[in-house]
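Just so you know, the sequence shown maps onto residues 1 to 369 in full-length UniProt numbering.
Here a beta-carbon is modelled for each residue, glycine too, at the ideal position from N, C-alpha and C.
Owing to the predicted nature of the structure, the values given are computational and were not obtained by experimental measurement.
Inspection log for the structure reproduced underneath, given as structure tokens.
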Amino acid sequence: MRCYVLDVQLSDQNIEAYALGCAVLGAGGGGDTPVGLAMARLAIAESGPVPVLPPDGLGPDTLVMPCGLIGSPTIAHERIWSGQEGRQLADAVAALHDRPVDTVMCYEIAGANGLLPVSWAALLGLPLLDADGMGRAFPEMQQQAMHVAGVPAGPLVLTDGRGNDIVLHTANNTDAERLARGCTAALGGVCAGALYVMTGPVARSAVIPGSVSRALQVGTAMQRCRDGWPSALAELTGGRVLAEGRIVELERSSGAGFTRGHAVVDSGTTDTRRLRLELQNEVLLALEDGEVVATVPDVIAVLALEDGRPIGTERLEYGRRVGVVAIPTPEVWWTPAGLDVVGPRLFGYDLAPVPGSARPVATGAGRDS
Numbered sequence: 001m002r003c004y005v006l007d008v009q010l011s012d013q014n015i016e017a018y019a020l021g022c023a024v025l026g027a028g029g030g031g032d033t034p035v036g037l038a039m040a041r042l043a044i045a046e047s048g049p050v051p052v053l054p055p056d057g058l059g060p061d062t063l064v065m066p067c068g069l070i071g072s073p074t075i076a077h078e079r080i081w082s083g084q085e086g087r088q089l090a091d092a093v094a095a096l097h098d099r100p101v102d103t104v105m106c107y108e109i110a111g112a113n114g115l116l117p118v119s120w121a122a123l124l125g126l127p128l129l130d131a132d133g134m135g136r137a138f139p140e141m142q143q144q145a146m147h148v149a150g151v152p153a154g155p156l157v158l159t160d161g162r163g164n165d166i167v168l169h170t171a172n173n174t175d176a177e178r179l180a181r182g183c184t185a186a187l188g189g190v191c192a193g194a195l196y197v198m199t200g201p202v203a204r205s206a207v208i209p210g211s212v213s214r215a216l217q218v219g220t221a222m223q224r225c226r227d228g229w230p231s232a233l234a235e236l237t238g239g240r241v242l243a244e245g246r247i248v249e250l251e252r253s254s255g256a257g258f259t260r261g262h263a264v265v266d267s268g269t270t271d272t273r274r275l276r277l278e279l280q281n282e283v284l285l286a287l288e289d290g291e292v293v294a295t296v297p298d299v300i301a302v303l304a305l306e307d308g309r310p311i312g313t314e315r316l317e318y319g320r321r322v323g324v325v326a327i328p329t330p331e332v333w334w335t336p337a338g339l340d341v342v343g344p345r346l347f348g349y350d351l352a353p354v355p356g357s358a359r360p361v362a363t364g365a366g367r368d369s
């Protein structure tokens, strides 16, 4: 993955471009951005722009709070947030660690989870770290670079923003995921969460750097483009256009916290190429005429051909003209340890990972070897 280093702050002038970049990196997941964008705009208007801090700017005593929403993206889109979620998280984290939070971080750069921490950082008067834990969207909380680096997810804090907080002390990061999901039902099906809280030195070696500036640069480039969005996105990110065509088959179902299904894109050309996309909240696999051409952990982004906007898996429509682009993800996910956490077999697909663009694949990757 290319790391985009920019001297930036998130302001009213660029927050929409940043939101667009977050939507692209969501691989069809991460939650819808409109609510998160509206909250970020309001917070910036009230409190001013949010400075973006590079990881190498973290001090030895800096306390970093990764945060975002946990639970159903569908409920999150319908929920009216109080705006106090970030403050309640920061107060609870400060009490647990006996020191104030110094820096806010997105635990997931994708979709709404890339935007809600911006609003919380603005209202808290804190910088946002130019990093995240995923570099895209993944459905579970142990699917984070911090987990691969050995950082504990707990103690983690959950809040509904209305004075109800839950603190979980967990035995391991897999239990943190399981228990947090159970608690979200009591908090309305979706809540705000802070996890993998760490100091500056730990963060510098555990996070995915450059995520915020990367999302901003991707979104800015897509805004400036007037046509040919799939090709432009592939060129910018070092990715590859997998298909352009019309959705001719679509099946979706919801259950066990996931939206599952598939979509088929027909090129409409004389060679009748067809690309099948397998969906589990995010787009996880792409198969061309039965041959696997890209898999998780790479991002498989679906763009509307009429305006270049990314389309979430829950917004795909029969007959829509789309372009599909495979985008490289951070190298940590292509290591043996990374593939053991986010490889295709972790999502129930009995196959080895296939990068959507040219890159070496590490061998000996646990369940994906």
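Relative to the C-alpha of residue i, which candidate in the options has its C-alpha closest?
{"i": "Met39", "options": "Arg87, Gly83, Leu128 and His147", "result": "Gly83"}
{"i": "Gly26", "options": "Cys225, Gly219 and Ala301", "result": "Ala301"}
{"i": "Ile327", "options": "Leu242, Gly268 and Ala45", "result": "Leu242"}
{"i": "Ile166", "options": "Glu291, Thr259 and Gln88", "result": "Gln88"}
{"i": "Val197", "options": "Asp61, Gly338 and Gly29", "result": "Asp61"}
{"i": "Glu108", "options": "Ala263, Val325, Gly323 and Pro209", "result": "Pro209"}
{"i": "Thr313", "options": "Asp32, Ser119 and Met105", "result": "Asp32"}
{"i": "Asp160", "options": "Ala180, Glu177 and Val190", "result": "Val190"}
{"i": "Ser47", "options": "Arg345, Ala110, Val118 and Gly188", "result": "Val118"}
{"i": "Trp81", "options": "Thr103, Ala43 and Val93", "result": "Ala43"}
{"i": "Asn281", "options": "Gly245, Pro139 and Met146", "result": "Pro139"}
{"i": "Asn173", "options": "Asn164, Met141, Cys183 and Leu187", "result": "Met141"}
{"i": "Ala176", "options": "Ser205, Gln144, Val207 and Ala203", "result": "Gln144"}
{"i": "Asn113", "options": "Ala121, Leu53, Cys22 and Gly28", "result": "Cys22"}
{"i": "Ala94", "options": "Arg181, Gln9 and Thr199", "result": "Thr199"}
{"i": "Gly29", "options": "Val332, Glu278 and Trp120", "result": "Glu278"}
{"i": "Ile247", "options": "Asp227, Leu275 and Arg224", "result": "Leu275"}
{"i": "Gly261", "options": "Val283, Val8 and Gly228", "result": "Val283"}
{"i": "Leu37", "options": "Gly182, Arg181, Ser231 and Leu115", "result": "Leu115"}
{"i": "Gly57", "options": "Cys67, Asp102, Ala337 and Glu85", "result": "Asp102"}
{"i": "Glu244", "options": "Arg273, Leu216 and Gly188", "result": "Arg273"}
Using the Cβ count rule (16 or more neighbours within 10 Å means buried), how would you classify residue i?
{"i": "Ser169", "result": "Residue identity check: residue 169 is His in the sequence provided, not Ser. Exposed, since its Cβ has fewer than 16 Cβ neighbours within 10 Å."}
{"i": "Asp368", "result": "Unreliable placement is indicated for Asp368, whose pLDDT of 39 sits below 50; no coordinate value is reported for it."}
{"i": "Pro355", "result": "buried"}
{"i": "Gln13", "result": "exposed"}
{"i": "Ile15", "result": "buried"}
{"i": "Ala17", "result": "buried"}
{"i": "Pro34", "result": "exposed"}
{"i": "Ala194", "result": "buried"}
{"i": "Gly150", "result": "exposed"}
{"i": "Ala185", "result": "exposed"}
{"i": "Met1", "result": "Residue placement at Met1 is flagged as unreliable, the pLDDT there being 36, under the threshold of 50; a coordinate-derived value is accordingly withheld."}
{"i": "Ala192", "result": "buried"}
{"i": "Ala19", "result": "buried"}
{"i": "Asp98", "result": "exposed"}
{"i": "residue 392", "result": "Past the edges of the chain, shown from 1 to 369, lies residue 392, and the structure says nothing about it."}
{"i": "Ala90", "result": "buried"}
{"i": "Thr329", "result": "buried"}
{"i": "Pro201", "result": "exposed"}
{"i": "Gly135", "result": "buried"}
{"i": "Pro55", "result": "buried"}
{"i": "Pro100", "result": "exposed"}
{"i": "Gly219", "result": "buried"}
{"i": "Gly319", "result": "exposed"}
{"i": "Glu251", "result": "exposed"}
{"i": "Ala45", "result": "exposed"}
{"i": "Asn164", "result": "exposed"}
{"i": "residue 377", "result": "Because the chain here runs from 1 to 369, residue 377 falls outside it and cannot be looked at."}
{"i": "Ser213", "result": "buried"}
{"i": "Ser205", "result": "exposed"}
{"i": "Gly338", "result": "buried"}
With residue i as the anchor, note down where its alpha helix (DSSP H) starts and where it stops.
{"i": "Val212", "result": "Ser211 to Arg224"}
{"i": "Val204", "result": "According to the sequence as given, residue 204 is Arg; it is not Val. Residues Gly200 to Ala206."}
{"i": "Val342", "result": "Pro336 to Val342"}
{"i": "Arg345", "result": "No alpha helix (DSSP H) holds Arg345; DSSP gives it neither H nor E."}
{"i": "Ala234", "result": "Trp229 to Thr237"}
{"i": "Arg178", "result": "Asn173 to Ala186"}
In terms of residue numbering, what span does the beta strand (DSSP E) encompassing residue i cover?
{"i": "Leu195", "result": "Neither: Leu195 is in no beta strand (DSSP E) and is coded neither H nor E."}
{"i": "Ala286", "result": "Glu282 to Glu288"}
Compare the C-beta of residue i against all C-beta atoms of chain E and say whether one is closer than 8 Å.
{"i": "Leu250", "result": "Note that chain E does not occur in the displayed structure, where there is just one protein chain."}
Quick check: the segment 152-170 against the segment 125-136, are there 3 or more CB pairs under 8 Å?
The segment 152-170, when compared against the segment 125-136, does not touch it at the 8 Å Cβ threshold.
Of all the alpha helix (DSSP H) runs that stay within the bounds of the UniProt domain "S-Me-THD N-terminal" (14-169), which reach a length of 4 or more residues?
15-24, 33-47, 73-78, 85-97, 116-124 and 145-148, all fully within the UniProt domain "S-Me-THD N-terminal" (14-169).
Counting only runs that start and end within the segment 296-333, where is the beta strand (DSSP E) found for 3 or more residues in a row?
Runs of the beta strand (DSSP E) inside the segment 296-333: 299-304 and 321-327.
Stretch-stretch touch, CB-based, cutoff 8 Å, three pairs: the segment 291-309 with the segment 340-357
Touching, per the Cβ criterion.
Determine contact between the segment 305-321 and the segment 284-292, defined as no fewer than three beta-carbon pairs at a distance below 8 Å.
Not touching, per the Cβ criterion.
Taking one C-beta from the segment 264-277 and one from the segment 317-335 each time, how about it: are there three or more such pairs within less than 8 Å?
Result yes; three or more Cβ-Cβ pairs closer than 8 Å.
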